[in-house]
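Q: Heads up, the working numbering is the position in the sequence shown plus 7, with the first residue counted as 1. Idealized CB from N, CA, C, for every residue including glycine. It should be emphasised that the depicted structure is a prediction, and the values quoted were computed from it without experimental measurement. Take this structure, written in structure tokens, and hold onto it; I'll ask about it next.
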Amino acid sequence: MPALWLQVLHSLSRPGAAPDDDILARAAADIALRDHPHPPASADVVLDIARSEFAAVLNRTQAQSALDRARRAGRGGEYGRPAPGG
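Printed below as a string of structure tokens:
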């Protein structure tokens, strides 16, 4: 998911502009899925990561949506990676 991390860097480096919360939520969800496989990551984990890593204040809906999207991407459904067994 290198494109996501380029978007994060771009979002955080724009002078005078607020970072894109959706991009930061997706990045936090990506970290959550990698760092918290068991028990599975939750929206609360995403919220904590977004706050501590990016100083982003998200709402639960943003966190859950980003987590769901990252889970779909992990199965190959969103970023062009083949699905396991497919």
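State the Cα-Cα distance for the pair Asp-37 and Arg-58, rounded to the nearest angstrom.
A: 14 Å
Q: Across the stretch 33-51 and the stretch 68-78, are there enough close Cβ pairs to call them in contact, namely three or more that are closer than 8 Å?
A: yes
Q: Leaving out five residues on either side along the sequence, give the residues of the same chain with a beta carbon under 7 Å from the beta carbon of Val-64.
A: Listed in chain order, the non-local C-beta contacts of Val-64 below 7 Å within the same chain comprise Arg-58, local neighbours out to five positions each way being set aside.
Q: Work out the CA separation of Leu-13 and Asn-20 for me, nearest whole Å.
A: According to the sequence shown, residue 20 is Ser rather than Asn. Approximately 11 Å between the Cα atoms of the pair.
Q: Here's a check: name, in chain order, each residue in its chain whose Cβ is nearer than 6 Å to the Cβ of Phe-61, leaving out the five neighbours to either side.
A: Leu-31
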